[in-house]
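In our numbering, the protein residues as written are 1201 to 1578.
We treat Cβ as the ideally placed atom computed from N, Cα and C, and that holds for glycine.
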């Protein structure tokens, strides 16, 4: 008899077992690649490393809200042979249930309880069962569930979707807000898409009517303009840029430079709004002084104290005078420069030390050289 390959095991046994448990085809993502593969530089050659791939990613909605990872092995392996890899991927992807199978049954690892359970092939849990266990494990009520399950904004022309780490950042922020947390810190390396992540968070909070008016603060004009023209473009009909210290309260999303809105102590434009006017404030690159007690940013944040405030930074600032963590709390999620490079979403860097000849060799005056006062330099 011909030996069954891993693909045979998936096609003949694992996929049918999952589908028979009630999972729809659009909820089952096969061969789910979630990294780009590290960029490897060898001399003048550049190539990609191996991409990380889960055999199955099972989702609550159509490709959204990941619930389970399933790793498959050939029949000659034990049913739990793929569990270590399933657990590793589930941890990276922040997924609560991991499964291993060789086609004869399943082993389940539940991250909420830490329990591992052996299941018959025909006893794979339904999406409804896993979803109820997810809600219980997360301790989410019906109102909170509505917030965390709001679909992503999707543009069919660009086909752009959140990367796995953006998905985690979005989900963790929404969960924190749903549970009443009003100060949230996200740490994401430069170049990993903080603005797109912020867009999805704002979109979902507006769609669920969790917030009605949003203030987006940045410290450079180019950041505001790029954000409005690119990631925030779907908001163009409900979005305005605060200019010339004049404020139009008819919009839903307000984009502003912090110093323009803060003004000075003689004239503070933000006071034209009532303190309860904004429900959400997003602070881009909040390490640039927003957490300093006497800063312009802090005057704005403290005036709109009742608003949910989300700080986003690549490098949280922690000194005696300035602390992002003291103000916003511990990060709900961190995606580091190292992770970005390892995953292949960021290019690696190389430190090149350049020494100036004067620094390396020192300097001596030539014979007869004089200074600006005409005195000979010895």
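Between the beta-carbon of residue i and the beta-carbon of residue j, is there less than 7 Å?
i            : j            : result
residue 1252 : residue 1234 : yes
residue 1511 : residue 1385 : yes
residue 1420 : residue 1529 : no
residue 1544 : residue 1238 : yes
residue 1480 : residue 1507 : yes
residue 1393 : residue 1366 : yes
residue 1272 : residue 1218 : no
residue 1458 : residue 1496 : yes
residue 1171 : residue 1304 : In the structure displayed, the chain extends from 1201 to 1578; residue 1171 sits before or after that span and is not available.
residue 1442 : residue 1432 : no
residue 1401 : residue 1438 : no
residue 1302 : residue 1275 : yes
residue 1482 : residue 1378 : no
residue 1570 : residue 1576 : yes
residue 1413 : residue 1468 : no
residue 1311 : residue 1296 : yes
residue 1223 : residue 1327 : yes
residue 1315 : residue 1298 : no
residue 1334 : residue 1221 : no
Is residue i helix, strand or coil when you go by DSSP?
i            : result
residue 1577 : coil
residue 1459 : helix
residue 1353 : coil
residue 1385 : strand
residue 1466 : coil
residue 1437 : coil
residue 1534 : strand
residue 1232 : strand
residue 1501 : helix
residue 1477 : coil
residue 1511 : strand
residue 1549 : coil
residue 1210 : helix
residue 1454 : strand
residue 1416 : strand
residue 1245 : strand
residue 1572 : coil
residue 1567 : coil
residue 1447 : coil
Among residues of its own chain, excluding the 5 on either side of residue i, which ones have a beta-carbon nearer than 6 Å to its beta-carbon?
i            : result
residue 1375 : 1348
residue 1447 : 1472
residue 1343 : none
residue 1415 : 1454, 1478 and 1481
residue 1411 : 1405, 1479 and 1480
residue 1294 : 1368
Below 7 Å CB to CB, which residues in the same chain sit around residue i once its five sequence neighbours on both sides are set aside?
i            : result
residue 1470 : 1461, 1462, 1500 and 1503
residue 1257 : 1229, 1232, 1266 and 1269
residue 1372 : 1532 and 1533
residue 1493 : Reliability of the predicted coordinates at residue 1493 is poor, the pLDDT of 44 falling under 50, and no value is obtained from them.
Should residue i go down as buried or exposed, given a rule of 16 or more other Cβ atoms within 10 Å for buried?
i            : result
residue 1565 : exposed
residue 1290 : buried
residue 1270 : buried
residue 1456 : buried
residue 1579 : Residue coverage of the chain in this structure runs from 1201 to 1578, which leaves residue 1579 outside it and unanswerable.
residue 1434 : exposed
residue 1396 : buried
residue 1205 : exposed
residue 1562 : exposed
residue 1284 : exposed
residue 1532 : buried
residue 1351 : exposed
residue 1336 : exposed
residue 1555 : exposed
residue 1339 : exposed
residue 1363 : buried
residue 1524 : buried
residue 1422 : exposed
residue 1308 : buried
residue 1246 : exposed
residue 1332 : exposed
residue 1262 : exposed
residue 1356 : exposed
residue 1317 : exposed
Excluding sequence positions up to five away, which residues of its chain have a Cβ less than 8 Å from the Cβ of residue i?
i            : result
residue 1346 : 1408
residue 1389 : 1514, 1535, 1536, 1537, 1539, 1540 and 1546
residue 1520 : Note on residue 1520: pLDDT 48, under 50, position unreliable in the model; no value is reported.
residue 1505 : 1475
residue 1436 : 1428
residue 1440 : 1448, 1451, 1453, 1454 and 1455
Tell me whether residue i counts as near the ligand COA, meaning its Cβ is closer than 6 Å to at least one heavy atom of that ligand.
i            : result
residue 1496 : Of the ligands one can find in the structure shown there are none, so the ligand COA has no counterpart to examine.
Those runs of the beta strand (DSSP E) which lie wholly inside the region 1256-1344 and span at least 3 residues: 1266-1272, 1297-1301, 1305-1310 and 1316-1320
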